[in-house]
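S.K.: Sharing a structure here in structure tokens format.
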Amino acid sequence: PVPVIAIDGPSASGKGTVAERVARELGWHYLDSGALYRLVAVAAARAGLSLDDEGRLAETCAAMTIEFRDGKAWLDGIDASEDLRSEATGIAASKVAAYPRVRTVLLTRQRGFRRLPGLVADGRDMGSVVFPEARLKVFLTAALPVRAERRHKQLMEKGMYAKMPDVVEDLRRRDERDATRPVAPLRHYSDALFLDTSGMTADAAVATILGWWRE
Ligand code: C5P
Numbered sequence: 003p004v005p006v007i008a009i010d011g012p013s014a015s016g017k018g019t020v021a022e023r024v025a026r027e028l029g030w031h032y033l034d035s036g037a038l039y040r041l042v043a044v045a046a047a048r049a050g051l052s053l054d055d056e057g058r059l060a061e062t063c064a065a066m067t068i069e070f071r072d073g074k075a076w077l078d079g080i081d082a083s084e085d086l087r088s089e090a091t092g093i094a095a096s097k098v099a100a101y102p103r104v105r106t107v108l109l110t111r112q113r114g115f116r117r118l119p120g121l122v123a124d125g126r127d128m129g130s131v132v133f134p135e136a137r138l139k140v141f142l143t144a145a146l147p148v149r150a151e152r153r154h155k156q157l158m159e160k161g162m163y164a165k166m167p168d169v170v171e172d173l174r175r176r177d178e179r180d181a182t183r184p185v186a187p188l189r190h191y192s193d194a195l196f197l198d199t200s201g202m203t204a205d206a207a208v209a210t211i212l213g214w215w216r217e
């Protein structure tokens with residue numbers, strides 16, 4: 003069977019950077035599952051759909067074509083990379099992600115990324131729902147102020163201006179929504195190794211996970 007490393011955790015914990023680098027070190031594929039939820043949000047915005055309409059959102063989700071190519075995300079053949087990373091998209095993504103029907107449609111798509119020689123998948127429920135058989139499961143987090151700092155830096159680098167208190171508040175609200183929803187709530191599930199990266203560089207976090215994998 004194709005090995006999977008699942009890396010779950012809250013928004014802006016650094017799991018994306020770390021997961022991508024672990025995948026590169028191992029020469030494996032990488033799945034950014036948050037990007038799929040973000041793409042549903044972008045597709046909904048393009049179609050002018052209400053975020054309250056679970057049925058239409060699930061249909062849109064089933065119909066959309068997605069491709070990760072040349073370091074970009076393509077939605078129905080149009081580059082969605084820039085829209086994907088905005089805070090508004092992240093917030094909309096966490097709303098559409100609370101719908102069971104949207105999650106069911108994305109389940110099959112996510113499992114399709116599992117290909118030889120292996121897959122590193124990051125998200126909220128990679129180890130608990132999508133790849134419960136993953137050989138290594140990590141719950142990666144960091145303190146809220148550290149995560150806000152990381153997200154703020156990321157936004158500024160992309161030329162997206164944001165005020166620090168707003169970033170903190172957005173993250174806090176997103177955590178709350180992701181943690182309290184009935185489907186696939188964000189939590190540290192019991193068979194995942196816990197990694198707090200608050201005082202850690204990305205290099206150190208990558209080395210820790212590779213060490214666990216090789217143990
Ligand atoms: O990780 P990222 O911030 O890109 O994820 C955007 C939103 O998508 C999250 O706030 C979360 O609600 C949702 N998500 C999810 N399950 C995943 C990945 C992301 O519900 N596996």
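In this text, residue positions in the sequence shown follow the working numbering: the first is 3, and each later residue adds one.
Beta carbons: idealized from backbone N, C-alpha and C, even for Gly.
Could you tell me whether the segment 198 to 216 touches the segment 16 to 35, using the rule of 3 or more Cβ pairs below 8 Å?
M.R.: Taking 8 Å as the limit for Cβ pairs, the verdict is that the segment 16 to 35 does touch the segment 198 to 216.
S.K.: Do you know how far the Cα of Ser192 is from the Cα of Ser15?
M.R.: Whole-angstrom Cα-Cα distance: 19 Å.
S.K.: Specify, as a first and last residue, the run of the beta strand (DSSP E) that Lys165 falls within.
M.R.: Lys165 -> no beta strand (DSSP E), and no H or E assigned at all.
S.K.: Return the bridge partner residues of Tyr101 from the DSSP annotation.
M.R.: Paired residues: none, contrary to the question.
S.K.: Considering only their Cβ atoms, is the gap separating Ala46 from Leu59 smaller than 7 Å?
M.R.: Yes, they are a contact pair.
S.K.: Cβ of Tyr39 versus every heavy atom of ligand 3: is any distance shorter than 6 Å?
M.R.: As far as ligands go, the structure on display features ligand 1 and does not contain ligand 3.
S.K.: With a floor of 4 residues, list each alpha helix (DSSP H) that falls wholly inside the segment 120 to 164, ordered by position along the chain.
M.R.: Whole alpha helix (DSSP H) segments, 4+ residues: 146 to 159.
S.K.: So what does DSSP say about Leu38, is it helix, strand or coil?
M.R.: Reduced to three states, the DSSP call for Leu38 is helix.
S.K.: Answer yes or no: do Ala75 and Ser83 have a C-beta to C-beta separation smaller than 7 Å?
M.R.: It is a contact, given that the beta carbons lie within the stated cut-off.
S.K.: DSSP has His31 in a bridge; who is on the other side?
M.R.: Answer is Leu121, bridged to His31.
S.K.: Rounded to whole angstroms, how far is the Cβ of Thr143 from the Cβ of Gly18, which I believe are closer than 8 Å?
M.R.: Actually they are not in contact, since the Cβ atoms of Thr143 and Gly18 sit about 13 Å apart, beyond 8 Å.
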